[in-house]
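Chains as they are written, first to last, in the numbering used here: chain V, 700 to 1068; chain F, 700 to 1068.
The structure appears below as structure tokens.
2 protein chains.
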Amino acid sequence: MKLVRMGLIGFGVIGSNHARYLGNGEVSGAVLSCICDINPERLRLAKELYPHVKLFDDYRKMIASGEVDAVFVATPHYEHPPMAVEALKNGLHVLIEKPAGVYTKQVLEMNEVAGKSDRVFGIMYNQRTNPVYQKARDLVKSGKLGEIKRTNWIIDWYRPQSYYDSGGWRATWSGEGGGVLLNQDLHQLDLWQWICGMPKRVRAFCYYGKYHNIEVEDDVTAFVEYENGATGVFVTSTAMTPETNRFEIIGDRGKIVIEDGKLTFYRLRVPERQFNREYDGGKIAKPECWKCEIPVEPGQGGQHREITQNFVNAILKGEKLLAPGIEGINGLQISNAMHLSSWLDDWVEIPVDPDLFYEKLMEKIHGKN
Amino acid sequence: MKLVRMGLIGFGVIGSNHARYLGNGEVSGAVLSCICDINPERLRLAKELYPHVKLFDDYRKMIASGEVDAVFVATPHYEHPPMAVEALKNGLHVLIEKPAGVYTKQVLEMNEVAGKSDRVFGIMYNQRTNPVYQKARDLVKSGKLGEIKRTNWIIDWYRPQSYYDSGGWRATWSGEGGGVLLNQDLHQLDLWQWICGMPKRVRAFCYYGKYHNIEVEDDVTAFVEYENGATGVFVTSTAMTPETNRFEIIGDRGKIVIEDGKLTFYRLRVPERQFNREYDGGKIAKPECWKCEIPVEPGQGGQHREITQNFVNAILKGEKLLAPGIEGINGLQISNAMHLSSWLDDWVEIPVDPDLFYEKLMEKIHGKN
């Protein structure tokens, strides 16, 4: 294959953004060959903007058409897994928008199909291209931070009521399957685990329609424990402004703080555990700490285009995926655990019980709670 | 009365510090007339440093001696309430070191006695003299921040094992009645409620001897809810270095961030709730925010000396107390609730059940858990 023929499913806000750079030829080795949408209005717009692209109103027909090598799933959350499964089963490569799905039950099924397939399966975690998070991950994975002891992310996404009122599917259990955790925090939940690893259990406090006239959560505080005993806090809201975005990671060898896009690394000259063992002065004392200026590439990285390019390169050249599709379940495990913990008012272990979560979610959708 | 004769109970590390500025005549209207300690070594040192001061080895005798108008209680935590009660009942004014006590049962008794007395009763919350916290309180109490929606304090006090090993009473249930919450976080727990008000219920995660060979907690994360629906997080540890000290308060009219002693105020031009109601653009939008440089007096204020001076002025001139003794229970309610929540692994309402907490604390002291 010299050129990957991409078929886009979903020509909404996000899909049309992907179509733009693909249609402009900004992803080398790829061509936008087909667009599928169930909304005739959107298809008319697609025809106007991309006259040479084949149009479909049924994704199954597009998948079966022989006109595409890869599909790009940019539909509402619930549809990501069934569409990905259909495409993978038909031998196509698949790039899905985040979240991977709404509940782990459906995502586990998708991952099982993907695991048996030799096709490339990616997810649009575009924040993984952000140099500041790449550097944080580098510092953790290379051992520079030492073993993690505590993580803390406060991340706000202010949204006024009018924003929620602008789309009927928004902020509903049936439309999105969640609120700030599913819609706004996708990236942070992914990056949190990408950098710090997966928590083992979660105790979360979610407030539903607390500051807005919506069904789903708009204010969350979650406490987590990791396998090694480290703890973490994740605080998020769509009602707080000015917004906070501050991510702190403390390890045995220092501390990383990312605030407003800027990373600072505090490096201990002697690891804390070693200092704790060896210091014998009997007083309040601490290891020497160096505030380090770490070079970080400016900007936010290649974002969507870079993830799509990486996906195409994976197909054409076997390049390693920056955001493998099967990792999409990780952030979802965390948000599912947060929801479930608040519904049960109790601890929830990760991985969450997929059937229990599904059952509770269905109750929410059918207004039983 | 022209001159308040102060009797100091406890000539340890903290007591001898108070003796120094009192002995130097740095508190106008006060004279250090007596010192009491049960340790003969300490009394010998006191005699050497303050040859004109009367010495006692029994606080009851000092209280009954007629030589003092006010007592300054600087003994271990557990002894503050009984000593304060004895002094108040004997018609003396009382200034106690923090914490007010170890469990609310004993502090409620003390407050009841204080409530019936016409004597001045103060507590050494010296951080209330810190201009940065006074300014934060001013912004909240004057309505500039608007109704509080979220509070968040991350406060570390790094302590190596050797520090804990240096005093047998340190970090034991019988000696201190707690760890980082009782010893290090006294000020922050008081300031948190002094500025933001008391929480209504608490769900806390305390880890006992997690990073040190001690009985008590050295790592805590606590989640709280306030009466008005606001939420809060308090994270503290003696194992994290470099230490974080970041206090954030978000209100309807803006945000205060105090980090490393510096206060920043973000002021919304239109209150958030009003913006949320009135904005009808259907998009992601937010009220205009002004980052304001607020004048704050440099330094940490008069600290111990200022609190003592204020106490003396209250006796001599009826000056209002900056830190009334009866408010000492507030921070203790919060720390007791945090302990109890972690012991029960459940929510705890404030005020805590004084008998239940006492019972559980006794179990800890007697090693039943």
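Where a beta carbon is used, it is the ideal one built from N, C-alpha and C, also for glycine.
When the Cα atoms are used, what is the spatial distance from residue 912/V to residue 860/V? Approximately 7 Å, taken between the alpha carbons.
At 3 residues or longer, and completely inside the segment 1027–1065 of chain V: list those beta strand (DSSP E) runs for me, N to C. With a minimum length of 3 residues, no continuous beta strand (DSSP E) run stays inside the segment 1027–1065 of chain V.
Near residue 1042/V, which residues of its chain fall below 6 Å by C-beta distance, leaving aside the five closest residues on each side in sequence? Take residue 1042/V, set aside five residues on each side of it, and the residues of its chain with a beta-carbon closer than 6 Å to its own are 1059, in chain order.
Please confirm if residue 853/F has its CB atom under 8 Å from at least one CB of chain V. Yes, contact with chain V.
For chain V, is any of its Cβ atoms less than 8 Å away from the one on residue 838/F? Closer than 8 Å: no.
Establish whether the CB of residue 848/V and some CB of chain F are separated by less than 8 Å. Flagged as an interface residue toward chain F: residue 848/V, by a C-beta distance shorter than 8 Å.
Answer with buried or exposed for residue 712/F, where buried requires no fewer than 16 other C-beta atoms within 10 angstroms of its C-beta. With a 10 Å radius around the Cβ and a threshold of 16 neighbouring Cβ atoms, residue 712/F comes out exposed.
So, does the CB of residue 938/V fall closer than 8 Å to a CB anywhere in chain F? Cβ-Cβ to chain F under 8 Å: yes for residue 938/V.
What's the gap between the Cα of residue 882/V and the Cα of residue 906/F? Their Cα atoms are separated by approximately 33 Å.
Using a Cβ-Cβ distance under 8 Å, would residue 979/V count as near chain F? Yes, its Cβ sits closer than 8 Å to a Cβ of chain F.
Cβ pair residue 707/F, residue 773/F closer than 8 Å: In this structure, residue 773/F lies closer than 8 Å to residue 707/F by Cβ.
With DSSP collapsed to three states, give me the class of residue 813/F. Three-state DSSP puts residue 813/F in a helix.
C-beta neighbour in chain V for residue 864/F, strict 8 Å: A Cβ of chain V is located within less than 8 Å of the beta carbon of residue 864/F.
Assuming residue 834/F and residue 952/F make a contact with CB atoms under 8 Å, what is their CB distance in whole Å? Wrong, their Cβ atoms sit about 15 Å apart, outside the cutoff.
Are the beta-carbon atoms belonging to residue 822/V and residue 1022/V less than 8 Å from one another? Yes; because the gap between Cβ atoms is below 8 Å, this pair is in contact.
One question on the structure: do residue 876/V and residue 779/V come within less than 8 Å of each other, judged by their Cβ atoms? Taking C-beta atoms as the reference points, residue 876/V and residue 779/V fail to come closer than 8 Å.
For a minimum of 3 consecutive residues, which ranges assigned as the beta strand (DSSP E) are wholly contained in the segment 765–853 of chain F? Complete beta strand (DSSP E) runs here, min 3: 769–772, 792–795, 820–822.
For the alpha helix (DSSP H) containing residue 861/F, list its first residue and its last residue. Unbroken alpha helix (DSSP H) run through residue 861/F: 860–864.
Could you tell me whether the Cβ of residue 860/V comes closer than 8 Å to any Cβ of chain F? In terms of beta-carbon proximity, residue 860/V lines the interface with chain F, with at least one pair separated by less than 8 Å.
Let's see if you can read the secondary structure: which residues bound the beta strand (DSSP E) around residue 940/V? No residue range can be given for residue 940/V, since it is assigned to no beta strand (DSSP E) and is classified by DSSP as neither H nor E.
Determine the contact status of residue 756/V and residue 742/V, defining contact as a CB-CB distance below 8 Å. Against a cut-off of 8 Å, the Cβ pair of residue 742/V and residue 756/V comes out as a contact.
Opening and closing residue of the beta strand (DSSP E) in which residue 1004/F lies: Element bounds for residue 1004/F: not the beta strand (DSSP E) but the alpha helix (DSSP H), 1002–1016.
Strictly under 8 Å for the Cβ-Cβ distance: is residue 988/F near chain V by that measure? It does; some Cβ of chain V falls within 8 Å.
For residue 932/V: DSSP bridge partner residues: Looking at the DSSP assignment, residue 932/V forms a beta bridge with 851/V, 922/V.
Rounded straight-line distance, which links the Cα of residue 957/V to that of residue 891/F: Distance between the alpha carbons of residue 891/F and residue 957/V: 25 Å.
Would you mind reading off the limits of the beta strand (DSSP E) that contains residue 989/F? 988–991 is the span of the beta strand (DSSP E), which, as asked, contains residue 989/F.
Cα separation between residue 789/F and residue 759/F? Between the C-alpha atoms of residue 789/F and residue 759/F there is a straight-line separation of about 10 Å.
So is residue 971/V in contact with chain F if we call contact Cβ pairs under 8 Å? Interface residue, yes.
Enclosing beta strand (DSSP E) for residue 968/F [first to last residue]: Looking at the DSSP string, residue 968/F is not in any beta strand (DSSP E), and its letter there is neither H nor E.
Of the residues 702/F, 740/F, 727/F, which one's Cα is nearest the Cα of residue 715/F? Distances from the alpha-carbon of residue 715/F to those of 702/F, 740/F, 727/F put 740/F closest.
Since residue 857/V meets chain F, which of its residues come closer than 7 Å, beta carbon to beta carbon? Residues of chain F passing the Cβ test: 985.
Mind pulling the chain V residues with CB within less than 7 Å of residue 932/F? Chain-ordered, the chain V residues with CB closer than 7 Å to the CB of residue 932/F read 920, 932, 934.
Who are residue 705/F's beta bridge partners in DSSP? Answer is 731/F, 769/F, bridged to residue 705/F.
Inter-stretch contact at 8 Å, needing at least 3 Cβ pairs: the segment 1046–1063 of chain F / the segment 798–815 of chain F: Because the criterion of three Cβ pairs below 8 Å is met, the segment 1046–1063 of chain F and the segment 798–815 of chain F touch.
So, does the CB of residue 904/F fall closer than 8 Å to a CB anywhere in chain V? Cβ-Cβ to chain V under 8 Å: yes for residue 904/F.
For residue 963/F, list the residues DSSP reports as bridge partners. DSSP output for residue 963/F lists 956/F as bridge partner(s).
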